[in-house]
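For reference, the structure is listed below as C-alpha cells.
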Amino acid sequence: LLKAKEEGKIRWIGVTGHSRPVILKAIYSEKFDTIQIPFNPIEDEWLEDVIPAARERSMGIIGMKPLAGGALRNAAESIRFSILKGTDVAIPGMDSVEQVEKNAGVGEELRELDAEETEKLEEEKGTWEGRFCRRCGYCMPCPNGLNIPFLLLIDAYYTRYGLKDWALARLNTLDKKFADCTECGECLDKCPYQLPIPEMMKEAAERVI
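Residue 356 is where the sequence shown starts when you use the numbering used here, and the numbers rise one by one after that.
Written as C-alpha cells, this is what we have:
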C-alpha cells in the first residue's frame, strides 16, 4: 500500500479496528491517513487517547456504529454526538431510503446537543451500563466452545430490537447456546469492560426461548 501511494495509484491509506491499543499503534506508526472506529455515546472511551492522538497528526476519523449497532434509539442525536465529539464522518448502517434521508438531514443542520438531548443520551447509555458487549473478542476462546460475542448479539436482537425470529434462527445454527455456559469465569478475567458474562448468559438462557 505504501508503494502504491508513492506511485500515485492511491491517495490515502486507512485502518479500521475495535481495539484501542491496536489503533493507537497504527496512529503512532504514522503510516496511515485515516482511522475507522466504533464511536457513539456508549463507546466513547476513544476520546481518552485515540481521537486526540489522531487529531494531533491531522488524520481523518471515520465513526462507524454511531448508533452502537442499533442499541441507541435516538438516531439523530447519536449521529450528531459522533460528529461533534470527534469524528469527521459518521457511517450508520441503513436499509431504507427513509433512513438515508433522515441521517443525511442530520448533517444539513448540524448543531450542538442541548441539555435535554444530552440528558436523553446519558439516560439511554445508562440502560446499557455494564451490559454492552462491544464484540472485541477478548473473551474468546471460551473453554466450553461458546461464541460469546455472537450469543450476546443474538440476545440483544431478541430483547432490545424486537427481532425475535431473526435471533432464534441464528441461535439455532449454533452447537453451543446460552445454557451451555458452565460459569467457569475464565471470560471474566479477559473482558476489558468487566462485563458479568456468565450472569448475562444465564439471564439470556431464560428469556431467549
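Virtual Cβ for every residue (Gly too), placed ideally from N, Cα, C.
Classification of residue 422 by the beta-carbon crowding that lies within 10 angstroms, buried from 16 upward:
Its Cβ being crowded by 16 or more others within 10 Å, residue 422 is buried.
Coil, strand or helix - residue 495 by DSSP
coil
Contact check, residue 439 vs residue 468, beta carbons under 8 Å:
yes
Assumed close pair residue 313, residue 488 - CB separation to whole angstroms, cut-off 8 Å:
Outside the displayed range of the chain (356 to 564) lies residue 313, so it cannot be described from this structure.
C-alpha distance - residue 433 paired with residue 477, whole-angstrom precision:
11 Å
Straight-line CA distance for residue 380 to residue 442?
19 Å
Within 10 angstroms of its Cβ, does residue 536 collect 16 or more other Cβ (buried), or is it exposed?
buried
Is residue 549 helix, strand or coil by DSSP?
coil
Excluding the five sequence neighbours on either side, which residues of its own chain have a C-beta within less than 7 Å of the C-beta of residue 562, listed in chain order?
514
Three-state secondary structure assigned by DSSP to residue 426
coil
Looking at the unbroken alpha helix (DSSP H) that takes in residue 460, where does it start and where does it end?
Per DSSP, residue 460 is one residue of the alpha helix (DSSP H) stretching across 452-463.
Residue 377 to residue 397 span [Cα, whole Å]
20 Å
How many angstroms separate the CA atom of residue 530 from the CA atom of residue 493?
21 Å
With respect to the alpha helix (DSSP H) encompassing residue 376, which residues constitute its N-terminal and C-terminal limits?
375-384
For residue 419, which three-state DSSP category applies?
strand
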